[in-house]
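In the working numbering, the protein residues as written are 2 to 284.
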């Protein structure tokens, strides 16, 4: 993130001091924690200082690209027994076996105006990143597990021989929503995406996760707290964030609740470091 100037410095409004670009420029606590966080990350690199952000750069798109590369690399090192995984950026949901019926729904909606008015476009979802698993030949599932003539397992998406039922489309194993920072609208968008994934699928619910670089515990709580429509929120530098928040509270003890909120989410297994994500995806 630092080398590609995704996590970087940007000028503050009104010509003030530069701030780290994950900070809310209108919130002094956010600015300070973001600075402490970025410095802790920088010390793990060979960079002498934080770089300036690229003018006109879309941090969100660059962030998605980095997370996608990270997941591809990690899943590529998983043992073969964990499965065959493919990381894809932003395909439509109807590309996957559990959501194939959305193609027909869209076709009917395009043909019939009244149906389109009733359904709207809530079913048209393109997750930022998906982890897919491809159907397998019976021989790959295990020697003599299912015989060629056995009348078994005719509906599962995992068997390639069931292609007549679902065109051997890949199975959507996980949706990874990338949110560079969390403002109220972004948190709500992530929850809406999660609910649509749950309601619209046929079969099991894919893993529903969010990855973010947000520095403020209260904004992390807007997604990490709740009833579980999102499996877990992952921070790109949770351990560094914990240290940064501790330093901030040392400077300003009145903000002790920042540290308490962060600890509560971690202790409650609602917030984890991104290094946990590849293992959770294949578990």
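Just so it is clear, CB atoms sit at the ideal spot from N, CA and C, and this is done for glycine as well.
(Q) Rounding to the nearest angstrom, what Cα-Cα distance links residue 154 and residue 9 in this structure? (A) Taking the first residue of the chain shown as 1, we reach residue 154 at position 153. Taking the first residue of the chain shown as 1, we reach residue 9 at position 8. About 52 Å.
Roughly how many angstroms separate the alpha carbons of residue 72 and residue 263, rounded to a whole number? Against the chain shown, residue 72 aligns to sequence position 71. Against the chain shown, residue 263 aligns to sequence position 262. Roughly 25 Å between the two C-alpha positions.
> Would you say residue 230 and residue 202 are within 8 Å of each other, going by their C-beta atoms?
Replying inline: Position 229 of the chain shown, counted from the first residue, corresponds to residue 230. Position 201 of the chain shown, counted from the first residue, corresponds to residue 202. Cβ atoms of residue 230 and residue 202: not closer than 8 Å.
Check your understanding: What does DSSP give as the partner residues of residue 235 in its beta bridges?
Key -> For the purposes of this step, residue 235 is taken as the residue at position 234 of the chain shown. For residue 235, which the question treats as bridged, DSSP gives the partners 212, 273.
Kindly indicate the opening and closing residues of the alpha helix (DSSP H) around residue 218.
Position 217 of the chain shown, counting from 1, holds the residue named residue 218. Looking at the DSSP string, the run of the alpha helix (DSSP H) that includes residue 218 is 218-225.
Three-state secondary structure (DSSP) of residue 87:
Indexing the chain shown from 1 puts residue 87 at position 86. It is a strand residue.
Which first and last residues belong to the alpha helix (DSSP H) in which residue 298 is found?
Past the edges of the chain, shown from 2 to 284, lies residue 298, and the structure says nothing about it.
Beta-carbon proximity list for residue 273, same chain, < 8 Å, skipping 5 on both sides: Here residue 273 refers to the residue found at position 272 of the chain shown. Cβ neighbours of residue 273 beyond the five flanking positions: 233, 234, 235, 236, 239, 267, 281.
| query | At what residue ranges does the stretch 131-209 contain a whole run of the beta strand (DSSP E), taking only runs of 3 or more? | reply | 172-180
- Query: What residues in its chain sit with their C-beta under 6 Å from that of residue 127, if we drop five residues either side in the sequence?
  - Reply: Start at 1 with the first residue of the chain shown, and residue 127 comes out as number 126. Same-chain partners within the cutoff: 91, 93.
Going by the DSSP bridge assignment, what does residue 261 pair with across the sheet? Numbered from its first residue, the chain shown carries residue 261 at position 260. Per DSSP, none; premise fails for residue 261.
| said: What would DSSP say about residue 108, mapped onto helix, strand or coil? | reply: Position 107 of the chain shown, counting from 1, holds the residue named residue 108. Looking at residue 108 - three-state DSSP - the assignment turns out to be helix.
* Do the stretch 179-195 and the stretch 137-153 make contact, defined as three or more Cβ pairs closer than 8 Å? -> no
- [ ] Alpha carbon to alpha carbon, how far is residue 158 from residue 214? Give it in angstroms, no decimals.
- [x] The residue you call residue 214 lines up with position 213 of the chain shown. The residue you call residue 158 lines up with position 157 of the chain shown. Roughly 35 Å between the two C-alpha positions.
Helix, strand or coil: how does DSSP classify residue 65 here?
Along the chain shown, one-based indexing puts residue 65 at 64. Note: residue 65 maps to helix in three-state DSSP.
Quick check on this structure: which residue in 21, 5, 33, 17 has the alpha carbon closest to the alpha carbon of residue 244? What you label residue 244 is simply residue 243 of the chain shown in a count that begins at 1. Closest option to residue 244, Cα to Cα, is 33.
If residue 224 sits next to residue 188, beta carbons under 8 Å apart, how far is it from one beta carbon to the other, in whole angstroms?
Numbered from 1 along the chain shown, position 223 holds the residue referred to as residue 224. Numbered from 1 along the chain shown, position 187 holds the residue referred to as residue 188. Confirmed, about 5 Å.
Practice item. Return the chain-ordered list of same chain residues with a C-beta closer than 8 Å to the C-beta of residue 87, the five sequence neighbours on each side being excluded. Key: Taking the chain shown and counting its residues from 1, one reaches residue 87 at position 86. Hits under 8 Å: 132, 133, 134, 135, 171.
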